Amino acid sequence: MIDVNCKASTKIIQTLADIEARYQAAFIAHHREQLEFERRAVADAVREAKRVIAAG
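Mapping to numbering that gives the first Met the number 0: the sequence shown position 30 is 29, numbers consecutive.
Structural data, given as structure tokens:
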């Protein structure tokens, strides 16, 4: 229980989550073009898979 109280009183979990979110936001901003390319590729693959499945 001491560990939980310590984490709550220091807000360490939220602090770590905030730090992680900042790193992720920076990564996304820096790699936006590549991430969009990958997102489109996955969407295309899913669309094609659905087409193939529907065709039987």
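Here a beta-carbon is modelled for each residue, glycine too, at the ideal position from N, C-alpha and C. Remember, predicted model here, so these are calculated numbers, not experimental data.
- Between the C-alpha atoms of residue 4 and residue 12 there is a straight-line separation of about 12 Å.
- Linking residue 39 to residue 31 through their CA atoms gives a straight-line distance of about 12 Å.
- Bounds of any alpha helix (DSSP H) do not take in residue 10, whose DSSP letter is neither H nor E.
- Assigned with DSSP and collapsed to three states, residue 30 falls in coil, not helix or strand.
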